[in-house]
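Colleague: One line per chain: the protein sequences are A and B, in this order.
Going from the first sequence to our numbering is simple: count from 1 and add 450.
Going from the second sequence to our numbering is simple: count from 1 and add 42.
Every residue, glycine too, gets a C-beta built ideally from N, C-alpha and C.
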Amino acid sequence: MKILVTVKEVAEVEDEFQISGLDVDESYLEYDLNEWDDYAVEEAVQTSEENDDVEVVTVTIGPERAEETVRMALAKGADRAVRVWDDALEGAEYLSVEAKAELLAAVAEEEEPDLVFSGVQAADDSNGATGVALANKLDMEWAAVVNTLDLDIEGEVAHVHRELEGGIEELTDVQTPAVLTIQSGINEPRYASLRGIRQAQQKPLDVHGLGDLGLDESTLDADIERTSMYEPESEGDATLWEGSAEETAGELADFLREKGVVEG
Amino acid sequence: MTVLAITEHRRGELRDVSYEVITAGRELADELGGELHLGVISGDVDAFADDVNRDGVDAIHTVDHGEEFNHDVYAQAIPQLYETSGADVLLMPNTVNGLDYAPAVADDLDLPLLTDAIALDGGDVTEVTREQYGGKVETTFDVDAEAYALTVRPAEWPRAEGDGDAPVGAVDVDIDEDAIGSEVTGFEEVGSGDVDITEADVLVSVGRGIEDEENIVLIEELADTLGATLSSSRPIVDNGWLPKNRQVGQSGKVVTPDVYIAIGISGAVQHVAGMKGADTIVAINTDPSAPIYDLADYGIVDDLFDVVPELIEEFGGEAPNL
Ligand SMILES: Cc1cc2nc3c(=O)[nH]c(=O)nc-3n(C[C@H](O)[C@H](O)[C@H](O)COP(=O)(O)OP(=O)(O)OC[C@H]3O[C@@H](n4cnc5c(N)ncnc54)[C@H](O)[C@@H]3O)c2cc1C
Ligand SMILES: Nc1ncnc2c1ncn2[C@@H]1O[C@H](COP(=O)(O)O)[C@@H](O)[C@H]1O
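(1) Output the residue ranges of the beta strand (DSSP E) runs that lie fully inside the region 149 to 229 of chain B and measure 3 residues or longer, sorted by chain position.
(2) Got a sec: is the Cβ-Cβ distance from Q122/B to anything in chain A below 9 Å?
(3) By the DSSP assignment, the alpha helix (DSSP H) with I647/A in it spans what residues?
(4) Taking E685/A as the query, report the chain B residues whose CB atoms sit under 9 Å from its CB, ordered along the chain.
(5) Counting only the same chain and skipping the five closest in sequence on each side, list residues whose C-beta sits under 7 Å from that of L621/A.
(6) Please report the straight-line C-alpha distance between H79/B and A101/B, rounded to a whole angstrom.
(7) V463/A touches chain B at which residues, Cβ-Cβ below 7 Å?
(8) At the level of alpha carbons, what is the spacing between G700/A and L353/B?
(9) Kindly examine ligand 1 and report whether one of its heavy atoms sits closer than 8 Å to the Cβ of V311/B.
(10) Can you name the residues that DSSP bridges to A304/B?
(11) Could you tell me whether the region 471 to 481 of chain A touches the region 336 to 351 of chain B, where touching means 3 or more Cβ pairs closer than 8 Å?
(12) Are there three or more Cβ pairs, one per stretch, closer than 8 Å when the region 243 to 254 of chain B is compared with the region 140 to 150 of chain B?
(13) Do A47/B and A66/B come within 9 Å of each other at the CB atom, strictly closer than that value?
(14) Cβ of S477/A less than 9 Å from any chain B Cβ?
(15) Are the C-beta atoms of Q118/B and some chain A residue less than 9 Å apart?
(16) Roughly how many whole angstroms lie between the Cα atoms of P209/B and G165/B?
(17) Mind listing the chain B neighbours of W691/A? Cutoff is C-beta to C-beta under 8 Å, in chain order.
(18) Taking buried to mean at least 16 other C-beta atoms within 10 Å of its own C-beta, is D502/A buried or exposed?
(19) Using the beta-carbon count (16 or more within 10 Å), is G710/A buried or exposed?
(20) Could you pull the DSSP bridge partners for Q571/A from this structure?
(21) With which residues is G341/B paired in a DSSP beta bridge?
(22) Express the C-alpha separation of P299/B and L268/B in angstroms, rounding to a whole number.
(23) Rounded to whole angstroms, what is the Cα-Cα separation between N136/B and A315/B?
(24) Who pairs with W592/A in a beta bridge, going by DSSP?
(25) Of all Cβ atoms in chain A, is any one closer than 9 Å to the Cβ of G294/B?
(26) Using beta carbons (cut-off 9 Å, strictly below), is S546/A in contact with chain B?
(27) Closer than 9 Å, Cβ to any Cβ of chain A: which residues of the region 262 to 286 of chain B, in chain order?
(28) Counting only C-beta atoms, is W722/A closer than 9 Å to chain B at any point?
(29) Could you tell me if P513/A is buried or exposed, where buried requires 16 or more neighbouring beta carbons within 10 angstroms of its beta carbon?
(30) Using the C-alpha atoms, what's the distance from G176/B back to G358/B?
(31) According to the Cβ coordinates, are E638/A and G282/B closer than 9 Å?
(32) Taking the alpha carbon of L151/B as the point to measure from, which residue in D158/B, T157/B and V131/B has its own alpha carbon closest?
(33) Ordered along the chain, which non-local residues of its own chain (more than five positions away) have a Cβ less than 6 Å from that of D142/B?
(34) Any beta-carbon of chain A closer than 9 Å to the one on D142/B?
(35) So, does the CB of Y61/B fall closer than 9 Å to a CB anywhere in chain A?
(36) Nearest by alpha-carbon distance to V237/B: which of T271/B, R201/B and L155/B is it?
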């Protein structure tokens, strides 16, 4: 059995930052493995540990910098990685959900996985859409926002819980092959061990461009164009207490006493 | 240009977002100079259609198939509704179920998709506003297409009120049962337990800023000293540091205390969904650009490990040694 895990390197913005042009200035960004994909990798690796002959392959659309993140997923137990990138991708200002799903689908068609795990959302773009769009392209079943998975490999069915709003879970049976978008909390992602990190250096990491996947630049044509980015004007008018920790804590204490919610 | 908005229900009841998509859809239809149609799929469609027949709705299409939401049914029905209603723009809720069909439907119909819109400005080119980087920035997108799909964030648009008199028509869509590869077998409620954070007058809430499980005692001590109840954001529960019944937010509890003190919580939309109804919100967060400050009444932009011990001592408590 083969599990394909979509893994994104996400950008995190520092506390103080500046926007230049249509994005946050590069110098204020830090990169990390997407939180939801960390859970997806863990779910795949646990599945491979509990069953015989399960191969875990990761796929990432991202520049060379992303290999650090990809190696992290390999260190946590994925067997092999594919990274999609080339000059055309480098030149694209914005990658739509559709374009990304198309690229991931091209990789999935080569890999022919039995299961695809992706994250519920990417922490930076928060489209929350790539996994289900990918399922449709692959003509696979799917389930979004999965926080419990019980896999019946022989029966070709995944018994999942989908986490709905307000503490309600939907119990769903999904035929496999399927794309599952994994919700945080489904498991306990492991830390990469030193040994894992060392081994990860030896694991295969193939890079494919559009041409290698039988695609061309038209895949990246989008009817959607990012036109501006700005810091939202604060809607609230929060009173910010200033001074030393002792002073601000004192202000807050006074406030709580005045409100009458706390005595003493 | 016609807008087709999809309503949502669960376990026999329409969800609030159904009335919000009417408002968002009507505004957009006005800007585009077109009609607003609604799609009502599965469940008691006649009663639902009656309920969503509000001012500004031009037509309602129902699909009577099954009781509960099933994404395969929605994914088959919506493209057919889209065709028969002659719609150009497809508007869907950015809910957990919305995200379980919208991307598939958009892909099926070959429509460009933008999700979780917080503002729409319709025109020859429609401008869509959404957030990025955990709500620290807003981004606008131009959609330069005749037809497109959008999902809108819940609780961003007001509910549509006022009775309407739109014609309601049952649409006989073709559902291929063989193509339904998923089955909803039930529901489960999670997160109950001995503590009910929804009852508390004062909540001291801890987020990922606390860094380590061992440090939680600091916030526990603060809650004890204040006679308040301890709650948290999701990562704390995901990590198993506090039980699920302490989680505030979209997938946790909705709380409305007199005072909500958010400590090391950024204010992600799914968290805010659970606490924006608090009377007074106080934030302690090192990051002045954290979205929690858009909502807070009072704030301390400082390190929680410096502020919280002082606060405990203000009330005569003893801060634990970390
Ligand atoms: C479908 C879905 C459902 C979800 N449901 C929920 C839900 O019900 N509830 C929920 O909370 N989330 C939910 N989330 C997750 C949500 O998107 C966020 O990931 C989460 O709320 C972030 O929690 P946080 O604010 O504690 O962590 P972060 O966003 O990581 O924020 C930590 C904050 O701590 C601050 N900080 C760091 N160190 C310090 C310090 N020393 N002193 C002071 N401040 C410090 C940082 O500046 C930062 O703002 C859901 C997500 C999805 C996709
Ligand atoms: N550039 C990318 N490379 C690999 N996977 C991605 C990429 N972008 C998104 N994904 C996957 O799709 C999920 C949802 O992302 P999004 O729809 O952008 O919120 C992520 O958790 C990833 O698993």
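Modeller: The structure says:
(1) 155 to 159, 161 to 163, 168 to 174, 179 to 185, 190 to 194 and 210 to 212
(2) no
(3) L644 to A650
(4) D336 and L337
(5) H611
(6) 5 Å
(7) Y175 and K178
(8) 7 Å
(9) yes
(10) S247/B and A325/B
(11) no
(12) no
(13) yes
(14) no
(15) no
(16) 27 Å
(17) Y340, G341 and I342
(18) exposed
(19) exposed
(20) Q571/A is not bridged to any residue.
(21) L690/A and A325/B
(22) 14 Å
(23) 13 Å
(24) V629/A
(25) yes
(26) yes
(27) T267, L268, G269, A270, R276, P277, V279, D280, N281, G282 and K286
(28) The displayed coordinates of chain A run from 451 to 714. Any statement about residue 722/A would go beyond what the structure contains.
(29) exposed
(30) 37 Å
(31) yes
(32) V131/B
(33) H113
(34) yes
(35) no
(36) T271/B
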